[in-house]
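In my numbering, the protein residues as written are 818 to 881.
Each residue gets a CB set at the ideal place from its N, CA and C atoms; glycine is no exception.
Here the structure is a predicted model, which is why all the values come from computation and not from measurement.
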């Protein structure tokens, strides 16, 4: 299944598309595979947030 295209206004239809996409990806996964899938996504998100926060701190310290 192709990753859904999300509208700029983020509507309820977008939420339905995302839920359907996630269901299709995970419907045949075992519990262990599902946990790994979720943990990998979470680790990626945490890494991106840490990079973003470090960049913001660097920008903020440069403004003072």
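Which whole-angstrom value is the C-beta distance of residue 842 and residue 831, which I expect to be below 8 angstroms?
Their Cβ separation, rounded to whole angstroms, is 17 angstroms, which puts residue 842 and residue 831 out of contact at 8 angstroms.
Taking the straight line between their C-alpha atoms, what separation do you get for residue 858 and residue 847?
Inter-residue distance for residue 858 and residue 847 is about 17 angstroms (C-alpha atoms, whole angstroms).
Is the beta carbon of residue 835 less than 9 angstroms from the beta carbon of residue 821?
yes
Cα separation between residue 880 and residue 862?
27 angstroms
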